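Visitor: Handing you this structure, nothing more for now.
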Amino acid sequence: MRTPRLAIVVTVSALVLTVGSVASADPGGGGGGPTAGPAAAEKLDSGLKILASAAAQGKPVTSSTSATTGVPGVRMLSMARVQDGQVLVSVHVNGSASAAAVELTGVGMQVNNTSNDGRDPTVAGWLPADALVEAAGLESVRSIQPARGMADAADAPGGTDTGSVLSQGDAAIHGPQARALGTTGAGVKVGVISDSINRGNGTNNGIATSVGTGDLPAGTTTLLDDPTGADEGRAMAEIIYDEAPGVTDIVFSSGTASDAAGKATSINNLVAAGAKVIADDIFFPDEPMFQDGVVAQAVDAARAAGVVYLASAGNRARQSWEGTYTGTTDNDFDPGAGVDTVQTIGTFTNRSPFLSLQWAEPWGAATTDLAIDVYIDGAKVGTVDDNDLVTKIPLEIFQIGISGTHTLGIGIRRVGGTGTPLMKYIVGGTPVFTVAEHPTNSNAINPDAASANGSLAVAASNFATPSTPETFSSRGPAITRRFDKFGNALASPETRTKPQLGGPDGVSTTLPAGSGLNPFFGTSASTPAVAAVAVLLRAANPALSVDAVRGILTDTRYALDCTATAGQPDGDCGSGFIQADRMIPATHDTSGPTISSSVAPAPGPKGWFGGDVTVTWSATDPDSPVYASTGCGATRLTASGTATCSATSVGGTTTKSVSVKIDRSAPTKLKAKGLKKLYKHGTKPDKKKIKCKAKDKQSGIAKCKIKGLKASPGTHKATVIATNGAGLVTKKTFKYTIL
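Here this note's numbering runs 52 ahead of the position in the sequence shown, where the first position is 1.
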């Protein structure tokens with residue numbers, strides 16, 4: 053079975069072995085050494101403490117610097133981005149990020165990005181490892197974290213109209229048939245966010261090589277590159293150009309050259325550069341899972357600016373667990389009557405799994421401090437515990453390097469605060485697996501761009517089996533936000549359907565064999581394939597709004613279903629594996645939706661209603677998706693008025709109204725005019741002269757009749773029955789006697 057490769061570009065943190073001081077560290081061997089001041093070190097991420105300890109001992113600091121656990125073959129990894137003794141970090145600060153950047157520059161930081169986002173302003177850049185503790189000691193610094201951007205490539209054994217190498221995904225999505233309808237992507241500028249695009253590899257020298265072979269347009273440009281990337285962005289751009297060979301402008305900006313705020317800046321810069329479609333395969337596992345962070349906010353801004361944003365859903369299947377904190381000190385993972393404070397995650401061979409734990413408290417205002425106890429083969433080997441009451445970030449994250457075969461388990465302890473929050477973790481860096489003990493198989497959608505309202509999250513299927521999603525493709529069916537972007541609790545949780553659609557992976561590129569990008573697997577490959585179809589749609593009709601394009605891309609009529617429930621979006625690949633040729637005709641629709649309505653209950657005899665009325669709507673368009681509507685849900689009217697539904701498809705907007713008249717009052721002043729109280733012997737009521745009378749000021753009298761008129765001697769009762777225009781009925785009885 054093919055298994056995903058996680059291209060870890062920057063850190064996924066490490067384990068604290070000495071809580072409250074700099075952890076013991078060993079760049080490849082032994083351990084131990086002096087510690088730094090606990091007050092400053094407390095602000096350092098647990099992985100950075102490993103690097104700070106190594107620097108304090110005068111040992112070389114590299115990306116492979118790690119800490120021992122006491123278990124042969126198992127080490128705690130910092131996995132920070134390190135170059136020439138400097139570490140790429142994100143510094144969370146108090147007050148102004150710009151002011152803090154000046155102070156950080158004073159201790160040797162090379163600042164490359166600042167962000168004043170809400171409660172969590174940050175400064176990102178390169179900081180000397182031997183200055184980590186000094187920087188943490190600044191009053192303006194709340195905490196220091198490694199920058200943790202990752203690319204969603206996947207690793208497995210594996211010509212459109214242009215280039216020397218053809219992506220097989222082009223045929224799978226019916227690209228040639230779509231282009232035969234007259235669209236090639238011409239006139240649409242495309243943005244790509246990944247690790248790098250122009251680093252090159254041996255004789256494969258970046259953009260120039262791909263342009264030279266005809267696999268990229270000459271107008272491929274770079275706003276920001278990452279000199280240590282794997283050129284995953286180039287592989288993505290080639291896929292786009294295979295499917296949309298009329299594109300002349302592809303612009304790239306790295307998502308891993310800085311922190312999450314830096315990626316947000318890259319998004320903003322691509323929008324400013326005129327990109328109308330963006331493909332993004334970078335995720336930050338430390339971006340908020342319960343509210344929109346800086347990346348998600350930038351994605352929403354891009355959509356508002358008219359950009360169709362495609363983001364990789366992730367390559368972590370259902371490797372996620374959720375649960376509410378229970379217990380007094382140690383969390384109880386057992387959902388039943390038993391108690392289990394150590395959860396077995398799984399058994400791994402020669403892998404470096406990472407685990408990102410978050411809990412539902414506001415970002416930048418956490419009031420609970422949780423710690424993770426890490427167990428190897430049943431024995432505790434250390435604790436991950438950033439002081440969350442100091443950092444104010446509800447996050448603990450670590451990575452462990454395993455040589456040989458070992459079993460990983462965790463415990464979660466509350467070490468500060470009194471909260472019992474909802475918790476969630478996602479595990480990555482492994483082949484597909486199911487959490488071994490007490491699994492919840494929760495969604496594992498990337499928490500940043502893919503989880504934003506403004507993005508379409510893309511699942512992956514092998515091009516040869518399009519109806520079957522890759523086992524590693526992150527599943528939904530939805531993600532939930534509990535706070536707004538400022539950290540304010542929502543009145544009710546917001547649920548977002550994710551992933552929304554699927555595309556092909558396992559395809560060829562011009563990058564070197566063995567690079568993990570030829571063949572190219574993972575949602576990193578499927579995302580640009582879908583982005584290219586968005587380009588074809590925008591080129592086919594440049595007047596299409598971003599919502600119109602999103603509506604076409606996610607319409608189940610234009611996709612191959614990937615579940616047993618035909619035509620229904622699902623948690624594996626959303627609306628399905630896209631088929632471009634089915635979509636192109638929709639871009640030329642010229643007629644708006646057809647709207648029909650129904651009301652309940654039925655009206656009275658004159659069209660009035662006697663109580664509350666519910667109006668339901670149906671808006672359909674056989675030629676294109678209905679992608680926007682207003683007032684088209686079930687509408688309940690409690691008084692006379694009008695319900696209106698307005699629906700929009702590619703062909704235009706249709707509006708229909710239903711007016712409702714409600715009369716809650718039944719008829720009054722009922723009379724049997726001409727009916728006497730007493731009739732002499734030999735006389736009787738003359739039915740022709742007795743008239744039924746009643747009044748109703750609103751809906752009027754629809755029917756009035758008299759029952760019970762008799763001609764025999766005795767005392768009788770006649771009943772007047774009046775029905776108004778709303779169907780409401782009043783009855784009144786009149787006595788009369790015949791002698």
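Ideal placement from N, C-alpha and C gives every residue a C-beta, glycine not left out. Predicted, not measured: the structure shown is a model, and the values here were computed from it.
(1) With DSSP as the reference, please indicate the residues paired to W415 in a beta bridge.
(2) Going by DSSP, what residue range makes up the alpha helix (DSSP H) through S578?
(3) With burial defined as no fewer than 16 other Cβ atoms inside 10 Å of the residue's Cβ, what is the status of V772: buried or exposed?
(4) What number of angstroms, rounded off, separates the C-alpha of P112 from the C-alpha of A106?
(5) Going by the beta-carbon positions, is the gap between E295 and A584 smaller than 8 Å?
(6) For A350, which residues from the same chain have a beta carbon less than 7 Å from its beta carbon, with the 5 sequence-adjacent residues on both sides left out?
(7) In terms of DSSP beta bridges, what is H144 paired with?
(8) Between Q552 and A509, how many whole angstroms is the CB-CB distance? I'm expecting something under 8 Å.
(9) Decide yes or no for the touch test of the stretch 224-234 against the stretch 628-640: beta carbon pairs closer than 8 Å, at least 3 of them.
(10) Enumerate in chain order the residues of its own chain whose CB-to-CB distance from K550 is below 8 Å, with the five nearest sequence positions on each side excluded.
(11) Specify the secondary structure class of V293 as computed by DSSP and reduced to three states.
(12) So, are the CB atoms of P521 and A224 less than 8 Å apart?
(13) Measuring straight from C-alpha to C-alpha, what distance separates P594 and C684?
(14) Pop quiz: F572 and V559 are said to be a contact at Cβ under 8 Å. What is the actual Cβ separation, rounded to whole angstroms?
(15) Using only alpha-carbon positions, find the residue among G237, P657, T492 and D283 that is nearest to T300.
(16) Please name the residue, chosen from G285, A183, A199 and V139, that lies closest to A577 on a Cα-to-Cα basis.
(17) Nearest to Q451 by alpha carbon, out of V442, N439, T435 and D738?
(18) With DSSP run on the structure shown, which of helix, strand or coil describes G243?
(19) Taking the straight line between their C-alpha atoms, what separation do you get for F485 and G147?
(20) Less than 8 Å between the CB atoms is what I'm expecting for V145 and L100, so what's the real figure, rounded?
(21) With DSSP as the reference, please indicate the residues paired to H458 in a beta bridge.
(22) Below 8 Å between beta carbons: does that hold for V242 and I292?
(23) Going by CA-CA distance only, name the one from Y731, Y477, Q135 and S455 that's closest to A423.
(24) What is the C-beta distance between V123 and A149, in whole angstroms, given that I count them as a contact (C-beta under 8 Å)?
(25) Whole-angstrom Cβ separation of P198 and R133, contact assumed at under 8 Å?
(26) With a Cβ-Cβ cutoff of 8 Å, do D500 and V347 count as a contact?
(27) Nearest-angstrom Cα distance between G227 and A369?
(28) Is the beta carbon of S698 sitting closer than 8 Å to the one on T682?
(29) In the DSSP assignment, what residue or residues form a beta bridge with Y477?
(30) Determine which residues share a DSSP beta bridge with V303 and list them.
(31) Please report the straight-line C-alpha distance between Q229 and T274, rounded to a whole angstrom.
(32) Rounded to a whole number of angstroms, what is the C-alpha to C-alpha distance between L791 and K729?
(33) Using a threshold of 8 Å, state whether the C-beta atoms of D344 and I449 are closer than that.
(34) Please classify D207 as buried or exposed, where buried requires at least 16 neighbouring CB atoms within 10 angstroms.
(35) In the DSSP assignment, what are the bridge partners of S513?
(36) Whole angstroms is fine: what's the gap from P86's alpha carbon to A188's?
Guide: Reading off the structure:
(1) Its beta-bridge partners do not exist; DSSP assigns none.
(2) Note, S578: alpha helix (DSSP H), T575 to A592.
(3) With 16 or more other Cβ atoms inside 10 Å of its own Cβ, V772 counts as buried.
(4) Approximately 7 Å between the Cα atoms of the pair.
(5) In terms of Cβ geometry, E295 and A584 form a close pair [threshold 8 Å].
(6) So the qualifying residues of the chain are A316, I319 and N320.
(7) Residue pairing of H144 in beta bridges, as defined by DSSP: T174 and S195.
(8) Going by Cβ atoms, the distance from Q552 to A509 rounds to 6 Å, so yes, they are a contact pair.
(9) Contact between the stretch 224-234 and the stretch 628-640 is present, because at least three Cβ pairs lie under 8 Å.
(10) When the five nearest sequence neighbours on each side are left out, the beta carbons in the same chain lying within less than 8 Å of the beta carbon of K550 are those of A365, N495, I497, A502, S503, A509, G528, P529, A530, I531 and G626, in order along the chain.
(11) Note that residue 293 is Tyr in the sequence shown here, rather than Val. In this structure, Y293 counts as helix in the three-state DSSP scheme.
(12) No, they are not a contact pair.
(13) About 28 Å.
(14) Yes, F572 and V559 are in contact; Cβ-Cβ is about 5 Å, under 8 Å.
(15) Comparing Cα positions, the closest option is G237.
(16) Comparing Cα-Cα distances from A577 to each of G285, A183, A199 and V139, the minimum goes to G285.
(17) Here the closest residue by C-alpha is T435.
(18) Three-state DSSP puts G243 in a strand.
(19) For F485 and G147, the distance between alpha carbons rounds to 43 Å.
(20) A Cβ-Cβ distance of about 16 Å is found for the pair V145 and L100, leaving them out of contact under the 8 Å criterion.
(21) In the DSSP output, where bridge partners are listed per residue, H458 has F400.
(22) Contact flag set, yes.
(23) Nearest neighbour of A423 by Cα position, chosen from Y731, Y477, Q135 and S455, turns out to be Y477.
(24) Between V123 and A149 a beta carbon distance of about 41 Å is seen, past the 8 Å cut, so the two are scored as non-contacting.
(25) The Cβ separation is near 7 Å, so the contact holds.
(26) For D500 and V347, yes; Cβs fall inside 8 Å.
(27) Approximately 28 Å, taken between the alpha carbons.
(28) For S698 and T682, yes; Cβs fall inside 8 Å.
(29) Residue pairing by DSSP puts Y477 in a beta bridge opposite W373 and L409.
(30) Here V303 is bridged, per DSSP, to G243 and T273.
(31) Per the coordinates, the alpha-carbon of Q229 lies some 31 Å from the alpha-carbon of T274.
(32) So the alpha carbons of these two residues sit roughly 11 Å apart.
(33) No, the Cβ-Cβ distance between D344 and I449 is not below 8 Å.
(34) Its pLDDT being 36, under 50, D207 is placed unreliably by the model, and nothing is read from it.
(35) Paired residue(s): P521 and P556.
(36) With a pLDDT of 30 at P86, under the threshold of 50, the predicted position of this residue should be treated as unreliable, though the coordinate-derived value follows. Going by the C-alpha atoms only, they are around 17 Å apart.
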